[in-house]
Amino acid sequence: MTTEATPPSTSASPSARQVWTRTRGIALALVVLLAAAVAIATIRSDARHGTLDPRSADRQGSRAVAELLADRGVDTSVVTTLDEARAAADADTTLLVAAPDLLTPGQQRALRAATTGTAGRTVLVAPGSPSVERLAPGVTADPANSLDSTLSPDCALPAARRAGTAETGGMRYTTTHLDADECYPSDRLATLLRIPETGGDGTGDTVVIGAPDILLNDRLDKQGNASLALQLLGSRPHLVWYLPTLSDTTAADEDDQRGFFDLLPSGWLWGTLQLFIAAAVAALWRARRLGPLVPENLPVAIRASETVEGRARLYRKANARDRAATALRSTTRIRLAPLVGVPLTQAHTPEALLPALSAHLHRHGDGQTLHTLLFGPPPGDDAALVSLADQLDALEREVRRP
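Start counting the sequence shown at 327; every next residue gets the next number (our numbering).
In structure tokens, the structure reads:
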């Protein structure tokens, strides 16, 4: 019994291995991007967790200073909405605003109106421009931060003189108030300001601190940070610690409403723009044409069967049955012409090739069949294309038969 050898597969459909080889680069890039996004989100989440929160014992929290104030009879309460902060403002209260820049312009104006004339103290932690201009009119933030974090008081404010050097270096401020205390200067610009109220009984004031370091758990025992923090926050029996949140829409008008892109950090927007520019440049580079195509010899020898199979795959992928049929018929005519005595220059001329081919095969009356086979229309489907190839092979074998 004989067994017929199974011919090698010439299927044009890509295998699972080929699909994986083509797409693994894209998949790897997506995995790396996803991992980077998760890592960045985790880092940012850890960095912001409990920051300046008097209930938090984290390194960036402020529980230590709250407990020290409690030992001195100062009770601390935490609020997260503007309504609560405004209701708590009075002469016996120190209102600390932990993140003034999170407030909208409308909220900043409302908070300023609520604290003016109360004879209490308002402490603003590292407000930027223009936040400080709304919360403490007459104060301007300098664009450049202090290069040094530990500074000397160099002012007449008793609390600063008793505390000595402290880590207030950060935002720097200038003021038009002549009676303001300008402390801890960096290049002649203050990093701590105390602006007394001009109206009321004159006991209220606003304190602007350029950096939050003196309130953080891991920095409280450095330099004179603890002394300065306790004196600034312990001048009244009550301390209201205001932690603004983006979800608080109190006193926000239509101009203050922020969209999705407004909440994205500017660095992300610039980074996305740079990625788009880089992608456009890469596309332009890959699509460049510096001149006409130049044929080059292949660096290695490729078997004819591989070349035929590769071209067949391309034809099938593009559904180019017309081009495949044209290539099959053209090659067959070129091989048949010398066998029947027709010059190669006339191999593609039906008037020259078909009569010679009919005479060689001793056929009569089937010229139309030969014409359809060698010069006919393209096949309508893959089965017709395979049938055409088989018929052309059979015709060539018949011509070559002695």
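Beta carbons are placed, not taken as given, at the ideal position from N, Cα and C, and that holds for glycine.
Cβ-Cβ distance between residue i and residue j below 7 Å
i	j	result
T347	P380	no
L477	Y499	no
L721	R659	no
Y641	A650	yes
L718	L654	yes
T491	G536	no
G560	H503	no
A485	Q557	yes
A290	L569	Here the chain covers residues 327 to 728 and nothing more, so residue 290 does not appear.
V668	H686	no
L437	T576	no
M497	A467	yes
Where the beta strand (DSSP E) through residue i begins and ends
i	result
A467	V465 to A467
T576	No beta strand (DSSP E) contains T576, which DSSP labels as neither H nor E.
P511	D507 to S512
Contacting residues, own chain, Cβ-Cβ under 6 Å from residue i (five flanking each side not counted)
i	result
T532	T448, A462 and I521
T332	Per-residue confidence for T332 stands at a pLDDT of 42, beneath the threshold of 50, marking its modelled position as unreliable; no derived number is given.
R647	P704, P705 and L711
Rounded C-alpha distance that separates residue i from residue j
i	j	result
W596	T442	39 Å
D708	T633	20 Å
A555	T444	22 Å
D652	R726	The sequence shown places Thr at residue 652, not Asp. Taking the straight line joining both Cα atoms gives about 22 Å.
I355	T517	A quick correction: the sequence has Ala, not Ile, at residue 355. Answer to the nearest angstrom: the Cα atoms are 45 Å apart.
G550	A390	15 Å
P705	A678	24 Å
S573	A644	54 Å
L394	T349	60 Å
V358	P618	39 Å
P703	T695	12 Å
G593	I603	15 Å
R385	I540	12 Å
Other residues of its chain near residue i: CB distance less than 7 Å, five sequence neighbours each side excluded
i	result
C481	D507, E508 and C509
P538	L378, V451 and A452
Cβ-based neighbour list, residue i, same chain, cut-off 8 Å, excluding 5 preceding and 5 following
i	result
G399	P563
Presumed contact (8 Å Cβ cut-off) between residue i and residue j, rounded CB distance
i	j	result
L683	L662	6 Å
D427	G454	5 Å
G446	L421	6 Å
T734	V566	No answer is possible for residue 734: it lies beyond the span of the chain, which begins at 327 and ends at 728.
Boundaries of the alpha helix (DSSP H) in which residue i is found, first to last residue
i	result
R447	Not the alpha helix (DSSP H): R447 falls in the beta strand (DSSP E), residues R447 to V451.
L687	P676 to L687
V725	D708 to R726
A630	A630 to K643
Residue i Cβ short of 6 Å to the ligand SAM heavy atom set
i	result
Q672	Among the components of this structure there are no ligands whatsoever, and the ligand SAM is therefore not found.
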